[in-house]
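This report concerns only the one structure given below.
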Amino acid sequence: MKYCLNCDWRASATDDSDRSPSRRAIDHHVETGHTVDSSDGTVPSATATIPEAALGLERSSD
Ligand SMILES: [Zn+2]
-9 MKYCLNCDWR ASATDDSDRS PSRRAIDHHV ETGHTVDSSD GTVPSATATI
41 PEAALGLERS SD
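With our numbering, letter number 16 in the sequence shown gets 6, and the count goes up by one each step, no holes.
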C-alpha cells in the first residue's frame, strides 16, 4: 500500500490498474509534489521524505 501524506491519494496492489502501486506513487509525487509513503509492513522511517520508489525513477527506462 502506498499512500499520500498530503491528500487522500493511495494505491494498492489490488487496485484495478496495469501500473504497480510504486509506479503510481511516483506519478503522484511527480504530478503533485506530494509525499507518498508506503505501509508495506515495515517500520516507517520518521526521516524519510522521498518514497523509495521515487529513487528508482531516474534509473527506470520504461
Ligand atoms: Zn497527494
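Glycine included, every Cβ here is placed at the ideal spot set by N, Cα and C.
Can you tell me where the alpha helix (DSSP H) with residue i in it begins and where it stops?
| i | result |
| --- | --- |
| SER12 | 11 to 22 |
Let's see if you can read the secondary structure: which residues bound the beta strand (DSSP E) around residue i?
| i | result |
| --- | --- |
| CYS(-3) | CYS(-3) -> no beta strand (DSSP E), and no H or E assigned at all. |
| ASP27 | 26 to 28 |
Just to check, is the beta-carbon of residue i closer than 8 Å to a non-hydrogen atom of ligand 1?
| i | result |
| --- | --- |
| THR4 | no |
| VAL20 | no |
Within its chain, find whatever has a CB closer than 7 Å to the CB of residue i; leave out the 5 residues flanking it on each side and keep chain order.
| i | result |
| --- | --- |
| ARG0 | MET(-9), LYS(-8), TYR(-7), CYS(-6) |
Measuring only the C-alpha atoms, how far is residue i from residue j?
| i | j | result |
| --- | --- | --- |
| HIS24 | SER12 | 14 Å |
| THR4 | ILE16 | 17 Å |
| GLU21 | ARG9 | 16 Å |
Tell me which same chain residues have a C-beta within less than 6 Å of the C-beta of residue i, skipping the five on either side of it?
| i | result |
| --- | --- |
| SER29 | MET(-9) |
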